[in-house]
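Okay, so the sequence shown: first residue is 1 according to UniProt numbering, each after it adds one.
Using N, Cα and C, we set each Cβ at its ideal position, and we do this for glycine too.
It should be emphasised that the depicted structure is a prediction, and the values quoted were computed from it without experimental measurement.
Worksheet: the structure to be examined is printed underneath.
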Amino acid sequence: MGDTTLATHAKPVVPGVGRFEVIGVPREYEFCDVNHVVLLVSDLFTETSAINTLALPQMAGMTLFHSFSVPRIPVHAYVARLTKYALLQPALLLSVVYYMDRLSALYPRFILCARTVHRFLIAAVTVAAKGLSDKFWSIRHYARVGGITPAELVLLERELLVRVEWRVVPDPDLLLAYYHGLVDRSRRFKLVR
1 MGDTTLATHA KPVVPGVGRF EVIGVPREYE FCDVNHVVLL VSDLFTETSA INTLALPQMA
61 GMTLFHSFSV PRIPVHAYVA RLTKYALLQP ALLLSVVYYM DRLSALYPRF ILCARTVHRF
121 LIAAVTVAAK GLSDKFWSIR HYARVGGITP AELVLLEREL LVRVEWRVVP DPDLLLAYYH
181 GLVDRSRRFK LVR
């Protein structure tokens with residue numbers, strides 16, 4: 001596919017960041033501090049879901065990813081929680097962006113918004129870990145970390161796999177392009193040589 005549309009939106013407005021020194025990150029995502037990748041990914045998902053939530057009617061296009069109400073935990077805290085308790089590495093977090101692009105392209109009814117972002121994230125993290133890691137946790141563990149039941153997670157995982165046509169292993173060059181796109185759109189970080 002090679003489309004990096006989500007990762008290349010205009011730079012977001014981050015309150016207070018303009019007053020602080022921008023952090024340099026390595027050109028290769030494998031060497032980037034995972035907490036920096038958490039910020040890059042969560043900024044993208046926070047901004048995208050906020051824009052879409054304001055632009056869409058409340059009940060438009062319900063999918064399995066829709067929650068009944070908006071979860072109280074902010075997107076950044078949720079991504080940080082998933083990263084901490086599922087031991088996510090940068091490649092897995094960037095794969096979540098890849099899944100979002102594939103899902104958006106192949107399943108137009110799905111829109112990332114306040115009611116879908118958390119359930120999408122836990123499903124995508126589960127798929128990424130199982131598809132890309134030699135070792136991964138049980139569904140029960142991911143469900144507990146994500147705040148949903150194991151039965152819900154099984155349904156979400158299956159739905160995501162079907163909707164992305166089981167293509168869960170992104171090309172490493174594409175992940176690098178996503179990483180560079182996320183850094184380019186960020187006011188917090190810049191690539192260093």
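Report task. Consult DSSP for Gly16 and reduce its assignment to one of helix, strand or coil. Result -> With a pLDDT of 49 at Gly16, under the threshold of 50, the modelled position of this residue cannot be trusted; read the value that follows with caution. Looking at Gly16 - three-state DSSP - the assignment turns out to be coil, as it is neither helix nor strand.
Requested in this report: For Thr149, I'd like the list of residues in its chain whose CB is within less than 8 Å of its CB, leaving aside the five on either flank, ordered along the chain.
Outcome: Cβ within range, chain order: Ala143.
Requested in this report: Count the other CB atoms, across all protein chains shown, that sit within 10 Å of the CB of Leu6; report buried if there are 16 or more and exposed otherwise.
Outcome: Confidence at Leu6 is low in this model, with a pLDDT of 47, below 50, so the placement of that residue should be treated as unreliable; the coordinate-derived value is given next. It counts as buried.
Query raised in the report: For the beta strand (DSSP E) that Leu191 lies in, which residues bound it at each end?
Result: Segment 189–192, the beta strand (DSSP E) holding Leu191.
Query raised in the report: DSSP state of Ile111, grouped into three classes?
Result: Ile111: coil per DSSP, three-state reduction.
**Report entry** Beta-carbon proximity list for Asp33, same chain, < 8 Å, skipping 5 on both sides
**Finding:** Cβ neighbours of Asp33 within its own chain (closer than 8 Å, five residues either side excluded): Val25.
Query raised in the report: Helix, strand or coil: how does DSSP classify Ile51 here?
Result: Ile51: helix per DSSP, three-state reduction.
**Report entry** Closest residue to Val41 among Arg185, Glu152, Pro170 (Cα-Cα distance)
**Finding:** That would be Arg185, whose Cα lies nearest to the Cα of Val41.
Query - CA-to-CA distance, Glu152 to Tyr29, given in whole angstroms - result: Cα-Cα distance, rounded: 31 Å.
Requested in this report: Could you tell me the distance, in whole angstroms, from the CA atom of Val117 to the CA atom of Pro172?
Outcome: Spanning the two alpha carbons is a distance of roughly 24 Å.
**Report entry** Residue of Leu106, Asp134, Ser95, Val38 minimising C-alpha distance to Val125
**Finding:** Minimum Cα distance to Val125 is reached at Ser95.
**Report entry** Val25 - partner residues in DSSP beta bridges
**Finding:** For Val25, which the question treats as bridged, DSSP gives the partners Leu191.
Query raised in the report: Does the distance from the CB of Val164 to the CB of Leu64 come in under 7 Å?
Result: Taking a C-beta distance under 7 Å as the contact criterion, Val164 and Leu64 do not qualify as a contact pair.
Report task. Return the CA-CA distance between Val38 and Val154, expressed in angstroms with no decimal places. Result -> Taking C-alpha positions only, Val38 is separated from Val154 by approximately 24 Å.
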